[in-house]
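Below is one structure, written out as structure tokens, with a few remarks after it.
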Amino acid sequence: MPGIASNDQLIAALASGQTVRTNWGKLFNPTAAAVANEWHTLFRGAGNPPADALFNTGTNLAFQVVRDSTTSAGAIQHGGNVQPTFYKYLLSGSAVTAAATVVPGTLALVDVVGFVRVTSVTTTTAQSVTNTLGQSDTFTADAGTDLCTWTSTASIPSNLLTGTRVRLTTSGTLPAGLATATDYYLVRMSDSTFELASSYANAIAGTQINITDAGTGTHTVTWLLPRYTNGAGLNAIIFNSNATALGASTPNLSLGYTNSAQATSRATPTVLPVGKTAASNSHIIYTGATGAGKYNYTVPLQAGDAGIAQIDTIQNATSYVSGEYSVALVRELAQFPLSTLGLAAEQNFMFGLPSLPRVYDGAALYWLWGSGVATPANSGFSGYLNFVFN
250 MPGIASNDQL IAALASGQTV RTNWGKLFNP TAAAVANEWH TLFRGAGNPP ADALFNTGTN
310 LAFQVVRDST TSAGAIQHGG NVQPTFYKYL LSGSAVTAAA TVVPGTLALV DVVGFVRVTS
370 VTTTTAQSVT NTLGQSDTFT ADAGTDLCTW TSTASIPSNL LTGTRVRLTT SGTLPAGLAT
430 ATDYYLVRMS DSTFELASSY ANAIAGTQIN ITDAGTGTHT VTWLLPRYTN GAGLNAIIFN
490 SNATALGAST PNLSLGYTNS AQATSRATPT VLPVGKTAAS NSHIIYTGAT GAGKYNYTVP
550 LQAGDAGIAQ IDTIQNATSY VSGEYSVALV RELAQFPLST LGLAAEQNFM FGLPSLPRVY
610 DGAALYWLWG SGVATPANSG FSGYLNFVFN
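Numbering (this note's numbering), first residue to last: 250 to 639.
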């Protein structure tokens, strides 16, 4: 079985050369509008990997998935796909900066799962997002056990988690007990097998649908997210993805979403993030300064929620004059606090917490930078990341 369950397994994987080392370097070039206590993306920063303009492409208000193979080489490389034979983990890493005016601050390593581009920034009502279940794979069903088996050897199905909302199609007839145009919830049994439940609660309880025949033709499962597929642990960031600044305004920003328990009509809290006038390229636009409406880089969720499975609506309550912004779903893997010019921040995830963060096939790894008391200035960051698979 893939994975690392003991120090002995980790040592054996290292001894067998099941590792990948990535050296990286990114430039940080905020505009004069940048202030202390802001968070920025380094997506468009030059370096290795190169600048990535992915996040201001595509259709307005349509969710787009992000994988390392679809980002114009803008994501940090981690050795490609290894599933379902192996699982991959972040083992250790280092980061350093060359500009004293930037420290102290924090680099956050995130997996960007997908994003929504918003060009209709003059609209002040809640705008609906198009969420197309664009991930798919085929399966067969066993009427005797209710067990479904992926027919593909691709790595993507092994990313699917219990509680993921799915829909079914077929070239013939679906197995008896199942229907098209109906929401089902996946019960993960293994990397290659699953069952289906009629509700999220039933999926968590392991109460599967009784399948009474195998059906005919080729059956297909579709779902939305390429990784963290039930939304657990996913948070949103709202940032200026364009090379030009947003036009003047300071709107309240809010999201409507489906949470990781698949409950709909969830919303960001009453005290909403406040967008920044003329937000600079890369700026996470509700960060910076202090007071009401200013937050860490993730958008706050409704009380009790553990993640976002789907962005349903996006609203800026006051019109921006021009420009655009993007809303991305991210999962943080690690933080690297930088305190001193030229002093590297080292992280060993074998002994620290979280221990050995999982890096899924297709993970699109990017850096975010959070400035401290100093006003952000042009700088360069560099370091390495070590990955291990077993």
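No residue lacks a Cβ here, since even glycine has one placed at the ideal position from N, Cα and C.
The segment 452–465 and the segment 488–504 do not touch, with fewer than 3 CB-CB distances between them shorter than 8 Å. In the three-state reduction of the DSSP assignment, residue 503 falls in the strand class, which pools E and B. Using a Cβ distance threshold of 8 Å, residue 279 and residue 531 count as a contacting pair. DSSP lists no bridge partner for residue 460. Take the alpha-carbon of residue 422 and the one of residue 462: they are about 10 Å apart. Per DSSP, the continuous beta strand (DSSP E) segment holding residue 584 begins and ends at 574–587. In its chain, beyond the 5 residues on either side, 579, 580, 581, 582, 615 and 617 have a beta carbon closer than 7 Å to the beta carbon of residue 359. Taking 8 Å as the upper bound for CB-CB distance, residue 559 and residue 506 are in contact here, some 6 Å apart. Put simply, the backbone Cα of residue 565 is about 52 Å away from that of residue 261. The Cβ atoms of residue 420 and residue 467 lie closer than 8 Å to each other. Going by C-alpha positions, residue 570 is about 14 Å away from residue 489. DSSP, reduced to helix, strand and coil, places residue 479 outside both helices and strands of the structure shown, so it counts as coil. Residue 564: not part of any alpha helix (DSSP H); member of the beta strand (DSSP E) spanning 557–565, first to last residue. In terms of Cβ geometry, residue 344 and residue 594 form a close pair [threshold 8 Å]. The segment 270–301 contains, as complete beta strand (DSSP E) runs of 3+ residues, the segments 288–290 (chain order). If you ignore the 5 residues before and after residue 518, its C-beta comes within less than 6 Å of the C-beta of 549, all in its own chain and listed in chain order. In the three-state scheme derived from DSSP, where H, G and I count as helix and E and B as strand, residue 449 is classed as helix.
In the three-state DSSP reduction, residue 596 falls in the strand class (E or B).
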